[in-house]
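Q:
In my numbering, the protein residues as written are 29 to 73.
#1: At which residues does the alpha helix (DSSP H) containing residue 69 begin and terminate?
#2: State the DSSP-derived secondary structure class of residue 38, mapped to helix, strand or coil.
#3: Quick test of your reading: residue 56 and residue 50, contact by CB under 8 Å. State the CB separation rounded to the nearest angstrom.
#4: Please classify residue 32: does DSSP put it in a helix, a strand, or coil?
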């Protein structure tokens, strides 16, 4: 089995984290998403 270069795996991990953070930021720029999310959280109480 071939080993992956640690630098490559670290770069892929950082790249994946950046993509996830950008996706979350894109969701928070939509006000309707925030209202729906807050309503769902409030419904838990």
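All C-beta atoms in this analysis are idealised placements derived from N, C-alpha and C, irrespective of residue type, glycine included. Only a predicted model underlies this, so the values are computations on that prediction, with no experimental measurement involved.
A: Looking at the coordinates:
#1: Sequence index remark: in the chain shown, residue 69 carries index 41 (1-based). Run containing residue 69: 59 to 71, per the alpha helix (DSSP H) assignment.
#2: Counted from its first residue, the chain shown places residue 38 at position 10. DSSP places residue 38 in helix when its eight states are reduced to three.
#3: Along the chain shown, one-based indexing puts residue 56 at 28. Along the chain shown, one-based indexing puts residue 50 at 22. Actually they do not touch by this definition, with Cβ atoms about 11 Å apart.
#4: The residue given as residue 32 occupies position 4 in the chain shown. Residue state, collapsed to three classes: coil.
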